[in-house]
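Numbering (the numbering used here), first residue to last: -1 to 378. Each remark here refers to the structure printed beneath this line.
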Amino acid sequence: MKRRGFPPVEALMLEMQDPASGVKSQTQRLVITTIPHALSGEPRLPPASRPLWRRHHAQAFGTVMVAFGYIYPLQDHKRLILKPDASLYRFQTPYFWPAQQWPVEDTDYAIYLAKRNIRKKGVLELHEQEQYNNLHKWLNHKWDFIVMQAKEQYRAGKERKKPDRVVFDCQERAYWVVHRPPVRQCIMRPRVKSSVSIGALVKYTTTYKQHDPFLAPCLPSSPWLTDDATYWTLNMPNVEVPTKMRVERWTFSFGELLSDPRGRDDFRLFLKKEFSGENLAFWESCEDLKWGTAATMNEKAQHIYKTFLARGAPRWINIDGKTMEVTVKGLKHPHRYVLDAAQTHIFMLMKKDSYGRYLKSPVFKETQKRAVAPDAHSFR
């Protein structure tokens, strides 16, 4: 029920804290400190709001409330998510709610860090120490005022009872974690060394240089320069005799082979001779389901199940039991990506097993032998 004078989210927060119908909380011991009105991630929403939320919706809603600062974690304070376990949380005081719309000033943050620096005797977390040093440099003209305010607040806090002091410190820290979050490690440090990344870029450029029309001339010529459509004719999707450069591109990666309709036809001929054409047929059916219209999704999903996955299917594919179980279960409520796990399994199977044999097969060598190499256009 909406409280008068409060927006819906704030009203729900007050409802959740209601002693009679809200989320049950109790005093919890955290290390050597007793925290009043603490709760875990296990309780659900109050009975009044249960019809609105199912279990997974409740956890998602709780995570949003933590991210916006209405609820804050007591243990892992930098992870702003609601864990569905025994992790401890508290409701944020309304003074720090986003609805208050307090301006997040650098001066206030500097006072908070200076106060923590006094309390921790100069031992701050790494990101806090960096922010403290930066603010000291930027706000040097009024740093004496900032330190004086921090000392006054620290002195006033010492006069409170220990549980009240700990609770207020947690509330204030939670507020600043939301509004001044620490920089994530993936932003500060790349996952791959720069030398490895540069080497990969050089290798890719060297491999594809002759196939890039901006770096190498088109053979026989660019239709836009010569009004000769031979280039388009030779590179039609299902041309009978491909060019040598096109066939060469199939050897770069398995993805390049499948992305070319002519290369896929050649690979299909090879798989047919090996009696494993159902793998490519299944992969193509998954692509058709993924990129097709929504109206035909259920029909295509049932066709794929009956053709490739059901017991005794005419083109049954060989995938592991776990992937099969997940796929069959997902087909009860089909969507575009329901077959991703099975499609990835078949893709990797063809890439690691069939693709290498195809490049050494008579089918590929015959196509490579028949491929044409058009002469460059003469502009005389």
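Cβ coordinates follow ideal geometry from the N, Cα and C atoms, glycine included. All values reported here derive from a predicted model rather than from experimental measurement.
{"Asked": "Chain-order list of residues whose beta-carbon lies under 6 Å from that of residue 228 (same chain, five-residue window excluded)", "Found": "218"}
{"Asked": "Nonlocal neighbours in the same chain, by C-beta distance under 8 Å from residue 137, ignoring five residues either side", "Found": "104, 105, 108, 144"}
{"Asked": "Contacting residues, own chain, Cβ-Cβ under 7 Å from residue 345 (five flanking each side not counted)", "Found": "281"}
{"Asked": "Extent of the continuous alpha helix (DSSP H) run through residue 70", "Found": "Where residue 70 is concerned, there is no enclosing alpha helix (DSSP H), although the beta strand (DSSP E) it sits in stretches over 69 to 71."}
{"Asked": "Neighbour-count burial assignment, residue 354, 16 or more Cβ in a 10 Å radius", "Found": "exposed"}
{"Asked": "Residue 248 classed as buried or exposed, judged by whether at least 16 other C-beta atoms fall within 10 angstroms", "Found": "buried"}
{"Asked": "Integer Cβ distance of residue 356 from residue 268, believed to fall under 8 Å", "Found": "5 Å"}
{"Asked": "Contact set for residue 287: own chain, Cβ-Cβ below 7 Å, skip 5 residues either direction", "Found": "295, 298, 299, 302, 334, 337"}
{"Asked": "Distance, residue 343 Cα to residue 314 Cα", "Found": "14 Å"}
{"Asked": "Cβ neighbour criterion (16 or more within 10 Å) applied to residue 410", "Found": "Because the chain is modelled from -1 through 378, residue 410 falls outside the range shown and cannot be assessed."}
{"Asked": "Cβ neighbours of residue 17 in the same chain (closer than 8 Å, five flanking residues each side left out)", "Found": "none"}
{"Asked": "Cβ neighbour criterion (16 or more within 10 Å) applied to residue 130", "Found": "buried"}
{"Asked": "Counterpart residues of residue 370 in DSSP-defined beta bridges", "Found": "241"}
{"Asked": "Beta-carbon gap between residue 369 and residue 244 smaller than 9 Å", "Found": "yes"}
{"Asked": "Member of 191, 20, 32 whose CA lies at the smallest distance from the CA of residue 168", "Found": "32"}
{"Asked": "Residue 80 versus 58, 98, 148, residue with shortest Cα-Cα distance", "Found": "58"}
{"Asked": "Separation of residue 149 from residue 134, as counted between CA atoms", "Found": "16 Å"}
{"Asked": "Residue 62 versus 96, 92, 360, residue with shortest Cα-Cα distance", "Found": "96"}
{"Asked": "Span of the beta strand (DSSP E), counted from its first residue to its last, around residue 31", "Found": "31 to 38"}
{"Asked": "Entirely enclosed alpha helix (DSSP H) segments - the segment 136 to 212, minimum 4 residues", "Found": "141 to 156, 160 to 177, 183 to 186, 192 to 206"}
{"Asked": "CA nearest to the CA of residue 113, picked from 93, 142, 339, 240", "Found": "142"}
{"Asked": "Residue environment, residue 277, which counts as buried when at least 16 other CB atoms sit within 10 Å", "Found": "buried"}
{"Asked": "Identity of the residues DSSP links to residue 28 by a beta bridge", "Found": "31"}
{"Asked": "According to DSSP, residues forming a beta bridge with residue 247", "Found": "Residue 247 pairs with nothing; no bridge assigned."}
{"Asked": "Proximity to residue 19 [Cα-Cα], best of 27, 10, 26", "Found": "10"}
{"Asked": "Own chain residues within Cβ distance below 7 Å of residue 172, not counting five before or after", "Found": "67, 70, 75, 90"}
{"Asked": "Local Cβ density within 10 Å of residue 341, reported as buried at 16 or more and exposed below that", "Found": "buried"}
{"Asked": "Contacts around residue 151, its chain only, beta-carbon distance under 6 Å, and the 5 residues preceding and following it disregarded", "Found": "113"}
{"Asked": "In DSSP terms, what residue 86 is bridged to", "Found": "38"}
{"Asked": "Residue 139 versus residue 102 - alpha carbon distance", "Found": "20 Å"}
{"Asked": "Option nearest residue 126 by Cα separation, candidates 154, 147, 174, 208", "Found": "174"}
{"Asked": "Cα-Cα separation, residue 216 to residue 371", "Found": "11 Å"}
{"Asked": "Span of the alpha helix (DSSP H) around residue 228", "Found": "228 to 232"}
{"Asked": "Burial state of residue 317, where buried means 16 or more other Cβ atoms lie within 10 Å", "Found": "buried"}
{"Asked": "Buried or exposed (CB count within 10 angstroms, at least 16 for buried), residue 194", "Found": "exposed"}
{"Asked": "Per-residue burial, residue 291 [other beta carbons within 10 Å of its own, 16 or more giving buried]", "Found": "exposed"}
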